[in-house]
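K.L.:
For the sequence shown, this note's numbering gives the first residue as 79, with consecutive numbering after it.
Virtual Cβ for every residue (Gly too), placed ideally from N, Cα, C.
If you're wondering where the values come from, they're calculated on a predicted model, not measured in any experiment.
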Amino acid sequence: LHHMVYEVLDNSIDESLAGHCDLIQVKLLKDGSVTISDNGRGIPVDIHPEEGVSAAEVIMTQLHAGGKFDNNSYKVSGGLHGVGISVVNALSETLSLTIYRNNKVYKIAFTNGVANDRLNVVGEDNKKTGTEINFKPSAITFTKCIFDYSILENRIRELAFLNSGVHIDLIDQREEDEKKVTFFYEGGLKAYIEYLNRSRNAIHDVIATTHEKDGITVDISMEWTDGYHETTLCFTNNIPQRDGGTHLAGFRAALTRVINGYSVNSGIAKKEKLQLSGEDCREGLTTVLSLKIPDPKFSSQTKDKLVSSEVRPVVEQLVSESLNQWFDEHPTEAKKIIAKAYEAASAREAAKRARELTRRKGVMDIASLPGKLADCQEKDPSKSEIFLVEGDSAGGSAKQGRDRSNQAILPLRGKILNVERARIDKMLSSVEIGTLITAIGAGVGNSEIDLEKARYHKIIIMTDADVDGSHIRTLLLTFFFRHMRPLVDAGYLYIAQPPLFRAKHGQSEVYLKDQSALDNYLINSGIKDVSLSIGNNQTILGQDLKNSVEKSIQAKRIIDKIGKVLGFPDIISQIAILGLFNIDLLNNENHLLTITERLNNLLSEVSTRWNAKYNYAKENDNKKSIEIYRINRGVKDILILTEDDLTSDEAKVLNSMKDFLNDHFANKCVFTINEKNYDLNGPIDLAQKITDNGKKGSQVNRYKGLGEMNPVQLWETTLDPNARFLLQVKVENEGDAEETFSTLMGETVEHRRNFIQDNALKVSNLDV
Numbered sequence: 079l080h081h082m083v084y085e086v087l088d089n090s091i092d093e094s095l096a097g098h099c100d101l102i103q104v105k106l107l108k109d110g111s112v113t114i115s116d117n118g119r120g121i122p123v124d125i126h127p128e129e130g131v132s133a134a135e136v137i138m139t140q141l142h143a144g145g146k147f148d149n150n151s152y153k154v155s156g157g158l159h160g161v162g163i164s165v166v167n168a169l170s171e172t173l174s175l176t177i178y179r180n181n182k183v184y185k186i187a188f189t190n191g192v193a194n195d196r197l198n199v200v201g202e203d204n205k206k207t208g209t210e211i212n213f214k215p216s217a218i219t220f221t222k223c224i225f226d227y228s229i230l231e232n233r234i235r236e237l238a239f240l241n242s243g244v245h246i247d248l249i250d251q252r253e254e255d256e257k258k259v260t261f262f263y264e265g266g267l268k269a270y271i272e273y274l275n276r277s278r279n280a281i282h283d284v285i286a287t288t289h290e291k292d293g294i295t296v297d298i299s300m301e302w303t304d305g306y307h308e309t310t311l312c313f314t315n316n317i318p319q320r321d322g323g324t325h326l327a328g329f330r331a332a333l334t335r336v337i338n339g340y341s342v343n344s345g346i347a348k349k350e351k352l353q354l355s356g357e358d359c360r361e362g363l364t365t366v367l368s369l370k371i372p373d374p375k376f377s378s379q380t381k382d383k384l385v386s387s388e389v390r391p392v393v394e395q396l397v398s399e400s401l402n403q404w405f406d407e408h409p410t411e412a413k414k415i416i417a418k419a420y421e422a423a424s425a426r427e428a429a430k431r432a433r434e435l436t437r438r439k440g441v442m443d444i445a446s447l448p449g450k451l452a453d454c455q456e457k458d459p460s461k462s463e464i465f466l467v468e469g470d471s472a473g474g475s476a477k478q479g480r481d482r483s484n485q486a487i488l489p490l491r492g493k494i495l496n497v498e499r500a501r502i503d504k505m506l507s508s509v510e511i512g513t514l515i516t517a518i519g520a521g522v523g524n525s526e527i528d529l530e531k532a533r534y535h536k537i538i539i540m541t542d543a544d545v546d547g548s549h550i551r552t553l554l555l556t557f558f559f560r561h562m563r564p565l566v567d568a569g570y571l572y573i574a575q576p577p578l579f580r581a582k583h584g585q586s587e588v589y590l591k592d593q594s595a596l597d598n599y600l601i602n603s604g605i606k607d608v609s610l611s612i613g614n615n616q617t618i619l620g621q622d623l624k625n626s627v628e629k630s631i632q633a634k635r636i637i638d639k640i641g642k643v644l645g646f647p648d649i650i651s652q653i654a655i656l657g658l659f660n661i662d663l664l665n666n667e668n669h670l671l672t673i674t675e676r677l678n679n680l681l682s683e684v685s686t687r688w689n690a691k692y693n694y695a696k697e698n699d700n701k702k703s704i705e706i707y708r709i710n711r712g713v714k715d716i717l718i719l720t721e722d723d724l725t726s727d728e729a730k731v732l733n734s735m736k737d738f739l740n741d742h743f744a745n746k747c748v749f750t751i752n753e754k755n756y757d758l759n760g761p762i763d764l765a766q767k768i769t770d771n772g773k774k775g776s777q778v779n780r781y782k783g784l785g786e787m788n789p790v791q792l793w794e795t796t797l798d799p800n801a802r803f804l805l806q807v808k809v810e811n812e813g814d815a816e817e818t819f820s821t822l823m824g825e826t827v828e829h830r831r832n833f834i835q836d837n838a839l840k841v842s843n844l845d846v
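1) I'd like the list of long-range same chain contacts for S400, defined as Cβ closer than 7 angstroms, with 5 residues on each side in sequence excluded.
2) Are the CB atoms of T214 and S170 nearer to each other than 8 angstroms?
3) Note down the Cα distance separating R711 from A690, rounded to an integer number of angstroms.
4) List in chain order: all unbroken beta strand (DSSP E) runs of 3+ residues lying wholly within the stretch 89 to 133.
5) Based on Cα-Cα distance, which residue from E628, D546 and T209 lies nearest to I762?
6) Can you check whether the CB of T314 is closer than 8 angstroms to the CB of L384?
7) Just tell me which of K639, R560 and I224 has its CA closest to the CA of D250.
8) By the three-class DSSP mapping on this structure, what secondary structure does M300 have?
9) Could you spell out where the alpha helix (DSSP H) holding I527 opens and where it closes?
10) Would a C-beta distance cut-off of 8 angstroms place L466 and I539 closer than the cut-off?
11) May I have the straight-line CA-CA distance separating E786 from S611, to the nearest angstrom?
12) Once you ignore the five residues that flank H742 on each side, which residues in its own chain have a CB closer than 7 angstroms to its CB?
13) Within the same chain, show all residues whose beta-carbon is closer than 7 angstroms to that of D116, passing over the 5 residues directly before and after it, in chain order.
14) Give the C-beta separation of I650 and L644 to the nearest angstrom, bearing in mind that I take them to be a contact with Cβ-Cβ under 8 angstroms.
15) Which word fits F220, buried or exposed, when buried means at least 16 other C-beta atoms lie within 10 angstroms of its C-beta?
16) Let me check understanding here. Comparing Cα to Cα, which of M138, K206 and K205 lies closest to T189?
17) Beta-carbon separation of N181 and E202 under 8 angstroms?
18) Helix, strand or coil for P409? Go by DSSP, reduced to three states.
19) If you run the structure through DSSP and keep just helix, strand and coil, what is I573?
20) To test your reading of the DSSP string, which unbroken alpha helix (DSSP H) runs of 4 or more residues are found completely within the stretch 310 to 372?
21) Cα-Cα, which of S216, I177 and V192 is closest to V200?
22) Just list the residues that DSSP pairs F557 with in beta bridges.
23) Enumerate in chain order the residues of its own chain whose CB-to-CB distance from D503 is below 7 angstroms, with the five nearest sequence positions on each side excluded.
24) So what's K808 in DSSP terms, helix, strand or just coil?
25) So, at 6 angstroms on beta carbons, what are the nonlocal neighbours of T750 in its own chain, with the 5 sequence-adjacent residues on each side left out?
26) If we count the other Cβ atoms within 10 Å of its Cβ and call it buried at 16 or more, is D88 buried or exposed?
27) So the candidates are K205, L623, I121 and F819; which of them puts its Cα closest to the Cα of R560?
28) Leaving aside the five residues before and after R831 along the sequence, list all residues of the same chain whose C-beta is less than 8 angstroms from its C-beta, in chain order.
29) Excluding sequence positions up to five away, which residues of its chain have a Cβ less than 7 angstroms from the Cβ of C359?
30) On a CA-only basis, which of Q575, I706 and T513 is nearest F646? Give me that one, please.
31) At the level of alpha carbons, what is the spacing between A452 and K477?
32) Candidates W302, K370, E301 and E421: which alpha carbon is nearest L354's?
33) Please report how far the alpha carbon of T364 lies from the alpha carbon of A423, in whole angstroms.
34) Check whether the stretch 391 to 408 and the stretch 272 to 280 touch, using three or more Cβ-Cβ pairs below 8 angstroms as the test.
35) Does the stretch 566 to 573 touch the stretch 709 to 727, meaning 3 or more C-beta pairs lie closer than 8 angstroms?
36) Quick check on L565 - is its C-beta less than 8 angstroms from some C-beta in chain B?
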C-alpha cells in the first residue's frame, strides 16, 4: 500500500535530482485518498506520436512509458521499484492527475486505471508548474487501505536527508486537528548522521565527503560513537539496500585498510601486538552511504543488494583518500578511533576464547542443563519451538502444560545482561546468555550465526504482563537484535501474548489479552439494556452508546491523571466539559468571566460549597489563572489552573474532546437501565456506571504473572497453537530500530528521560 505513495513520491524526487523541483507535498485526506504534488516541470502533455493520445495518459496507463526509461530524461532515477506510476493507477479506485505546464492547467481522471476522458485544459496559471496526483487505493485489491502516518514519515525523512535542499511537507488532514511536518535538511547526510546518533555520544565530528567519477556520485558521512554496535545504511538512487552490496564492500575494505595502515605508520600497532579486523574498526561506527548511478544493477527485483561491479573501486578510492586526509588533519581524534578499535580487538579475542568454551560443550551438553531446558521430542527444527520463560515458577507450569512433542521450555532466572552496554566478552561470560546460546544452537554474533544449525524455527519470548516482564522482554529483544540478528531477519523470533485477564459469566469463560480487551468486554456487557439521554432528549443506544462510553473512558483516564497532580478529579471533569482546558480563554477576560459564571452554576449541582474566579496578571507575574475554591469546615481547598496546566499534553487532549464532552454532559445527562434513571455529571460517572453494569454477574481475574496460571490455563491461553496469539518480531526500519535500542538501553540517561516524557501520555495502563 505505502509503495504506491513511494512510487509517486520518487517521481517528484527525480525531478528534484534533475534540478527542477524543490517543494513536494504529501497530503493524507479524510476520504482515504492521498495527494502528492510538486513544483517540477509537470508531466509532458504533448500528443504521443504512436498512441495518438496525450503523453500524460500514456505514462499513466502503460508500463515503462515514463521518462526514466529514456536515458536523455534523467541521469539518475530513484523510481523503478518494480511498481510504475501506471501500476499505481491500475491499483487505485480513483486517480486524478492535474498538470501545471505551459501556463495552463491540465486535468485527467481515471477509474480503476481507465481514463474517464481525455486530458483537458481546465484553466490557466502563468505562475505555477508541477504535477499533482490524487489517488484512492482500491478496496478490492487491498484488504487494508489506511495509510500509516509513521511509515510515511520515516520514508519521507529518509528522502529529505538524502536529497538536501528539497522541502517535503507531510500533511495529515484525517483528524479534526491537521498535522503538518516539514522535512528539510541542508546538511544532507551529515545531518542524517547527527539525527541517527542523537541518542549516542560521538567521539568526534561527522566525517562527510562527496566524490564523482565515471558518472558515479558517492556521498558518505560517518561518525564513531562510544557504543559497541555498527549502524550502516546504504542507498542507491535513494533506494535502500538492506543487504548492502558492492558499495558497502568497497567502503568496508577501504576503511579497514586505512585504519590498519594508520595504526602501523603511527607506531600504535607495534605496541598493541593485535591484528585489527574489519569488525574491530567498525565498532560504534554510524555510516550513511549514498550513491547516484545511471544504470544500477541489483541482485533482485526488491533491490536489497547492489551488484554493479564498477562501483566498488570508486567507493574504495574515495574512502581511502578522504579518510587518510582526515586522519592526517585530525591526529587526536584519529588516535581515539584507533584506540577504540584495539579495545574491540581485545574484547574479540576474549570473546573468541569464551565462544570456544561454549562450542566445546556442543549440542550433547544440552541434556546436561538440569532444571533449565526441557527439550522437545521433535528433531525437525521447522516443526520445533522454544519458549523463553520468565522465572522458574512459570517455567514449571509451562513444562507441565506444553506439548512435549514439539515445544521446548527454557526458564530464565532474573534479568539477563543489558548487551547494549556490554562488550561481547562480558556478554558471553553471562550464565543465562550462555545457556540461551547453547539451547538455540545457531552460534552467536551476527556474522557467525548459522541458520542451518538453529534447533528451533520458533523462538518465543514469554514474560509476565508487568513492568519486570516488559523489561526482561526488552533485554531479550536487545540481545537478539544485536547478536542474533539473522534469526530475527529469518522470522524465527516471536513474542507470546498471554492474557492479562479472565472473565467468567455463568458457564461462559473468556480470556482477555490486556486492559483494552477488558474495557471492550465490560463495555459490550455494560451497554445491554441501557440507554443514554442527552441534550434535548436525544437518546443514544447500541454502537453510538459504545462509542460514547469509549470516549468517556479515555477522558476519565486523562482526568484521573491530572487529578493525581492537581486533585479534585470531579471538578476537573466539569472544567473539561465546559472547554476550559484552552489557553485562549486566559487571554479573553470577558469570555473567561462568562465561563467562570457558568462553571459556578454547574459546580453548584455537584457541590454547593465551590466557587470560581479569575485571577488577573500581577505586575511582577504575567501569568493569569483560574481559581476554583471552597471553604469546608474552616479549611480552604483550592484548585488553580495556570497557563502551564492549560498547555500540557493532557490539556490538549481534553481540549480536542471538548465538543463531545459538552454535547453529552453540559446539559442534563440521564442513564437508564431496567427503567431506572440516574443523573450523570460527566464522563467519570458514565464510565463507572457502564463498567459496574458490565461486571454484574461476571467474575474478573487478573493474571499478573505467568506463574499464577495452572498448566491447563497456560496451555489454553498461551501454548496451544490453535488458540494463542503471537507477535512476530520484524525490523521494518533500520534507523528507527537502532535509535530505539540506543535510547532505551544505552548509556545516555537524558535521551531516555526525554523519551519517557514525550510518550508518557500514550500509556493508558501502567502497571507499577
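P.N.:
So, to answer that:
1) Hits under 7 angstroms: T287.
2) According to the sequence displayed, residue 214 carries Lys and not Thr. Their beta carbons are under 8 angstroms apart, which means K214 touches S170 by this criterion.
3) Rounded to whole angstroms, the gap between the alpha carbons of R711 and A690 is 18 angstroms.
4) If only uninterrupted beta strand (DSSP E) runs of at least 3 residues are considered, those enclosed by the stretch 89 to 133 are 101 to 106 and 112 to 116.
5) Per the Cα distances, E628.
6) Contact flag set, yes.
7) Of the candidates K639, R560 and I224, the one whose C-alpha sits nearest the C-alpha of D250 is I224.
8) The answer is strand: DSSP assigns M300 an E or B state.
9) Going by DSSP, I527 is part of no alpha helix (DSSP H) at all; its letter is neither H nor E.
10) Between L466 and I539, the gap from beta carbon to beta carbon is short of 8 angstroms.
11) C-alpha separation (whole angstroms): 43 angstroms.
12) If you ignore the 5 residues before and after H742, its C-beta comes within less than 7 angstroms of the C-beta of I612 and S626, all in its own chain and listed in chain order.
13) S90, E93, C99, L101, I102, G208 and T209, listed in sequence order.
14) By a beta-carbon distance limit of 8 angstroms, I650 contacts L644. Their separation comes to about 7 angstroms.
15) Looking at its Cβ environment, which holds fewer than 16 other Cβ atoms inside 10 Å, F220 is exposed.
16) That would be M138, whose Cα lies nearest to the Cα of T189.
17) Less than 8 angstroms separates the beta-carbon of N181 from that of E202.
18) DSSP places P409 within a helical segment (H, G or I) once states are collapsed to three.
19) I573: strand per DSSP, three-state reduction.
20) Entirely contained in the stretch 310 to 372, the alpha helix (DSSP H) runs reaching 4 residues are, in chain order, 324 to 343, 346 to 350 and 356 to 359.
21) Checked all of S216, I177 and V192; the closest Cα to V200 is I177.
22) Bridge partners of F557: none, in fact.
23) Excluding residues within five positions, the ones whose Cβ falls inside 7 angstroms are A425, A428, A429 and A432.
24) Note: K808 maps to coil in three-state DSSP.
25) Closer than 6 angstroms at Cβ, skipping near neighbours: S609.
26) Classification for D88: buried.
27) Restricting attention to K205, L623, I121 and F819, the CA atom closest to the CA of R560 is found in F819.
28) Result list for R831: empty, nothing under 8 angstroms.
29) Correct list, in chain order: L333, T334, I337 and A419.
30) Among Q575, I706 and T513, the Cα nearest to that of F646 belongs to I706.
31) Roughly 7 angstroms between the two C-alpha positions.
32) Nearest to L354 by alpha-carbon distance, out of W302, K370, E301 and E421, is E421.
33) Distance between T364 and A423, taken at the CA atoms: about 18 angstroms.
34) Touching, no.
35) Touching, no.
36) As a matter of chain content, chain B is missing from the structure shown, which is built from one protein chain.
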